[in-house]
Each structure stands twice: as C-alpha cells, then as structure tokens.
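Q:
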Amino acid sequence: PYTGPGTNTYVIADDGMALILDPGPIIDSHLEAIRHALGSDSPVAVAVTHTHPDHAPAANPLGSEFGIPVYGFAPGLQFEPTDTVADGDVVRIGSTELTVLHTPGHTDDHICYLGEDVLFTGDHIISGSTVILEDASAYMDSLETVEKVTPELILPGHGERITDGRSAVQAYIAHRRMREDQFVSAIASGATTVGDIVDIVYEGLASALVPAAMHQVGVVLLKLAKDGRIAAWDGDVLAATRLTVGTERA
C-alpha cells in the first residue's frame, strides 16, 4: 500500500547518451522496459535517489550489464554505488547537467537531481500523497532548501508529473506544519499514546496504513520535542506516557 501506482524509472537522454534513474527492483519485465526505452541511446550511467528496495536494487545489475558507473549518495540494502555523489555534484548526460541536492528526511541518503527546468525528486516529493519519514526535522529543512530552487516541473518517484512545482513544495511544507499542530492539539486534549494521536488525527484510517501512521507520529514527536513544542517524548513508538504540551511554535 506504500508505493501507489508503482515506482517511476526515468531514462534521461541527450546527444545519444542516457542516464537511467531509479531502475527499481529486479523485475525482468521492468528491466526489459528500460532496455526498450533506451532505444538507440547509449546508457552512460545508472543513478538512484535513495536505496529503498522499490528504487535501487536493479542499479548494480544494469551497471554490470552495460559496463557503466552507478551513482548514489551511499550504499544500502541491495545497492552499492561505484561512484558516490554529494550535494552540489553535477552529473552530465551529453550537454544536460543534473545537480545533486542532498535532501535527507525520507531517508538519510536521499538525493534529488536538479536540471535546468526539471527536478527529479524520488520520494522527497511524490504525486498525490505525502511520504513516510525517517527524520522530520531533516525533512523540513530539505523541503525549505528545495523550495528555493524548484522549477515548475517535478518528476517524482511515484505518481504523475507535477507541473506546479513551487506550489507543490509549499503545500508539502504547509501540510507538515499542519500535522505538527494537530499532534500538539491532540496531546493538549488528553492524548497520551501514539495510538491516541493516530485515532484523533487519522480518524477512519484503513487498518493497513495504521503502522505507517504510528511510525510517522513517532518521528514527528521527536521533532516536536527537539523544537520544544512538547515537553518530553520517550522515543517509544507504542507508548508516549510522558507526553505533555510545551512551547507553541512562534
């Protein structure tokens, strides 16, 4: 239930050369679709936005098949970059340049690729939904960084293209702030556990999505404690018995 319509793989081609971005899991039919999409263009590299299993595992096999480098921020499960990239690095495909933006939050190793008029966002921004977080503080910082440079066209890791990129990033920021306010309000009204907060804020949520919601609440509570908006959070996703409301966000 967490990948929506599936993972988007992009073949970015220029001057007869191509970069394969986020090749996804090792599924024969999908690998064949990538080969078909390459057409007469020669692949020069494979790159990933992050190392989740719906984005990265096919990168190394494709790198070996074509004898090309594999770019990524860091190694991960079923992924080992031949060339690590860092914030500000430039990946070139013919005359096309993509600038690497380190955007931690969804994962610590997440990066976006910024072109002249397009941003490839992986799971930093997706279409039609929000994303699961590992670090809510880092994610907000990354959103604010991306907001400054986002063009109108976003090509996300899941869902359809986004043609109002700046507005989409601003909507993500507003949504995250709204959730923080809702969690603080729930605690102020008497919620003492993550389950309480999920019941209040995500009323009617499908049972299959409750574990993800509980994880998300726990991650955001860590940020709220860090920001001083709640007095304490014990870090236990299943119990928040020491939750009390602290300073409101200015």
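Counting along the sequence shown from 1, when you hit position 20 you're at 20 in full-length UniProt numbering, and nothing is skipped either side. C-beta atoms are modelled at their ideal positions from N, C-alpha and C, and glycine is treated no differently.
Can you find the residues in the same chain that come closer than 7 angstroms, C-beta to C-beta, to P25, ignoring five residues on each side of it along the sequence?
A: Numbered from 1 along the sequence shown, position 25 holds the residue referred to as residue 25. Taken in chain order, the residues that qualify are P53, D54, P57, A58.
Q: Quick check on D83: does DSSP put it in helix, strand or coil?
A: Sequence index remark: in the sequence shown, residue 83 carries index 83 (1-based). Of the three classes helix, strand and coil, the one that applies to D83 here is strand, per DSSP.
Q: Give a yes or no on contact between the region 11 to 18 and the region 84 to 96, applying the rule of three or more CB pairs nearer than 8 angstroms.
A: Counting Cβ pairs under 8 angstroms, three or more are found: they touch.
Q: To the nearest whole angstrom, what separates the beta carbons of A37 and P69, a pair I think is in contact under 8 angstroms?
A: Position 37 of the sequence shown, counting from 1, holds the residue named residue 37. Position 69 of the sequence shown, counting from 1, holds the residue named residue 69. In fact, because the Cβ distance is near 19 angstroms, the residues do not count as touching under 8 angstroms.
Q: Since F183 is in the alpha helix (DSSP H), which residue starts that stretch and which ends it?
A: Residue 183 sits at position 183 when you count from the first residue of the sequence shown. It spans 165 to 188 - the alpha helix (DSSP H) in which F183 sits, taken as one unbroken run.
Q: Between the C-alpha atoms of I230 and Y202, what's the straight-line distance to the nearest angstrom?
A: The sequence position of residue 230 within the sequence shown is 230, counting from 1. The sequence position of residue 202 within the sequence shown is 202, counting from 1. Cα-Cα distance, rounded: 20 angstroms.
Q: Reducing DSSP to helix, strand and coil, say where A213 ends up.
A: Here residue 213 is taken as the residue at index 213 of the sequence shown, counted from 1. It is helical.
Q: Relative to the C-alpha of V118, which residue among P211, L243, Y10 is closest?
A: Stepping through the sequence shown from its first residue, residue 118 is reached at position 118. Checking every option, the nearest Cα to that of V118 belongs to Y10.
Q: Would you mind working out which of P81, T163, D83 sits nearest F120, comparing C-alpha positions?
A: Along the sequence shown, read from residue 1 onward, the residue named residue 120 stands at position 120. Ranking the options by Cα distance to F120, first place goes to T163.
Q: For A212 versus I197, is the C-beta distance shorter than 7 angstroms?
A: Along the sequence shown, read from residue 1 onward, the residue named residue 212 stands at position 212. Along the sequence shown, read from residue 1 onward, the residue named residue 197 stands at position 197. Not in contact: A212 and I197 (Cβ atoms no closer than 7 angstroms).
Q: To which residues of the same chain is V210 closer than 7 angstroms at the C-beta, ignoring the five residues directly before and after it?
A: What you label residue 210 is simply residue 210 of the sequence shown in a count that begins at 1. Correct list, in chain order: V198.
Q: Let me know the secondary structure DSSP gives L221 once reduced to three states.
A: Your numbering for residue 221 matches position 221 in the sequence shown. L221: helix per DSSP, three-state reduction.
Q: Is the beta carbon of G157 less than 7 angstroms from the beta carbon of N60?
A: For the purposes of this step, residue 157 is taken as residue 157 along the sequence shown, with counting starting at 1. For the purposes of this step, residue 60 is taken as residue 60 along the sequence shown, with counting starting at 1. Their beta carbons are not under 7 angstroms apart, which means G157 does not touch N60 by this criterion.
Q: Got a sec, what are the start and stop residues for the beta strand (DSSP E) A136 sits in?
A: What you label residue 136 is simply residue 136 of the sequence shown in a count that begins at 1. Note, A136: premise wrong, no beta strand (DSSP E); alpha helix (DSSP H) at 136 to 147.
Q: Should S40 be flagged as near chain B, meaning a C-beta pair shorter than 7 angstroms?
A: Protein chains in the displayed structure number just one, and chain B is not present.
Q: If you scan the UniProt domain "Metallo-beta-lactamase" (6 to 158) from start to end, which runs of the alpha helix (DSSP H) of 4 or more residues do you find wholly inside it?
A: Counting only runs of 4 or more, we get 28 to 38, 59 to 66, 136 to 147.
Q: May I have the straight-line CA-CA distance separating S189 from Q216, to the nearest angstrom?
A: In the sequence shown, residue 189 corresponds to position 189, counting from 1. In the sequence shown, residue 216 corresponds to position 216, counting from 1. C-alpha separation (whole angstroms): 20 angstroms.
Q: Thinking T82 and A74 are a contact (beta carbons under 8 angstroms), I'd like their distance in whole angstroms, please.
A: The residue labelled residue 82 in the question sits at position 82 within the sequence shown. The residue labelled residue 74 in the question sits at position 74 within the sequence shown. At roughly 13 angstroms, the Cβ-Cβ gap does not stay under 8 angstroms, so T82 and A74 are not in contact.
Q: Could you name the residues of the same chain whose beta carbon sits closer than 7 angstroms to that of P1, not counting the 5 residues immediately before and after it, in chain order?
A: In the sequence shown, the residue the question calls residue 1 occupies position 1. Residue placement at P1 is poorly supported in this model, since its pLDDT is 39, which falls under 50; the coordinates are not used for a value here.
Q: What are the start and end residues of the alpha helix (DSSP H) that includes G195?
A: The residue you call residue 195 lines up with position 195 of the sequence shown. Per DSSP, G195 belongs to the alpha helix (DSSP H) from 194 to 201.
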